[in-house]
Each structure stands twice: as structure tokens, then as C-alpha cells.
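Remember, my numbering sits 1 above the position in the sequence shown when you count from 1.
All residues carry an ideal CB built from backbone N, CA and C; glycine is no exception.
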Amino acid sequence: RRFKKLLERTGLQKELRRRKYYEKPCEGRRRAKMRKLNSIRKGRQPPTNGRRDFSA
């Protein structure tokens with residue numbers, strides 16, 4: 002358990018998952034671009050109070 006927490010804190014596990022398979026440079030750039038666009042889109046949405054309104 003301690004080892005697992007240590008990996009989680011250092012970010013090593015995420016790095017291992019990312020490097021498990023070779024990723025072409027263009028795929029890496031595309032992924033970064035999509036992440037950037039999604040964060041921009043998420044910032045544009047009107048803020049909610051965390052609840053969804055399902056009343057029809």
C-alpha cells in the first residue's frame with residue numbers, strides 16, 4: 002500500500018501507462034491540442050451548482 006501511494010504521489014504510474022505503447026509525435030501533439038480545447042470549452046460553460054435539473 003505504501004509503495005502504491007508513493008507511485009501515485011510521484012506520478013510515476015501515470016508515466017508508465019503513457020509509455021506502455023509507442024505514440025507517434027503527431028498523436029502526442031493532437032492529444033495535447035484536444036486537452037487544451039476541452040479545457041477552453043469547459044471554461045466557457047456557464048457555472049453550475051453541481052446539481053442537474055431533470056424536471057421536464
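Local conformation of residue i per DSSP, three classes
| i | result |
| --- | --- |
| T49 | coil |
| F55 | coil |
| E24 | coil |
| G29 | helix |
| R131 | No information on residue 131 is available, as it lies outside the stretch 2 to 57 that the chain covers here. |
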